[in-house]
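Numbering (UniProt numbering), first residue to last: 1 to 175.
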Ligand SMILES: CC(C)(COP(=O)(O)OP(=O)(O)OC[C@H]1O[C@@H](n2cnc3c(N)ncnc32)[C@H](O)[C@@H]1OP(=O)(O)O)[C@@H](O)C(=O)NCCC(=O)NCCS
């Protein structure tokens, strides 16, 4: 099984049995406020089942559970874009609130970045961060991503237009 050690846990593929912990950690308005609307809130057992079913892959997964204290408490993952953007991967991640501020994503995002460049034909990895999400911007800066752009009022969340910050790393900029 493909796993990556972290100081406080590990990254590993999603698997059956993760559903209960996934619901407990993911069903959180403070997480939902910073991610796309397709991320459910409230996060139901049915949402968790379909997430695990579509991600329980042991061969080059796109999403990894962030396992802390033996349970799935977050996710790091990516999607490869298509058409003229087919050499781009967009990353996304979230962590259960009880574990925020312990450096877990600062450690996990560089691992995910290397995994993508090592295993996929991707030339650029990027992330989209909503304006108020200082923690996520710090994670990306620490990982060596560059702040490329602000898309003014590009997103809508909670009925408000919000600036979106684009962070990216090119393959040639890998550490
Ligand atoms: C964003 C998130 C993934 C950060 O994960 P984390 O493991 O708590 O981050 P870290 O502990 O590695 O902290 C990274 C840095 O951000 C800082 N930070 C974390 N939360 C912060 C906050 N709310 N305000 C200001 N700074 C913050 C930390 O102090 C640290 O700073 P440093 O690099 O100067 O030491 C987590 O807060 C989360 O899941 N948020 C909700 C979902 C989300 O925003 N996903 C990303 C969408 S782009």
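For glycine and all other residues, C-beta sits at the position ideal for the given N, C-alpha and C. In this text the structure is predicted, and so the values were computed from the model without any measurement.
- Using a 10 angstroms sphere on the CB of residue 123, the tally of other CB atoms stays under 16, which defines it as exposed.
- Of 44, 83, 106, 87, the smallest CA-CA separation from residue 76 is found for 106.
- With fewer than three CB-CB distances shorter than 8 Å, the segment 97-116 does not count as touching the segment 150-157.
- For residue 94, the distance from the CB to the nearest heavy atom of ligand 1 is below 7 Å.
- The beta carbon of residue 158 sits closer than 8 Å to those of 33, all from its chain and outside the five residues before and after it, given in chain order.
- Excluding residues up to 5 positions away in sequence, 88 lie with their Cβ nearer than 6 Å to the Cβ of residue 81 in the same chain.
- DSSP assignment within the segment 109-161 yields the following whole alpha helix (DSSP H) runs of 4 residues or more, N-terminal first: 134-142.
- For residue 67, the uninterrupted beta strand (DSSP E) segment begins and ends at 63-68.
- Between ligand 1 and residue 106, a heavy atom-to-CB distance of less than 7 Å is present.
- Boundaries for residue 40: no alpha helix (DSSP H) harbours it, and the DSSP string shows neither H nor E there.
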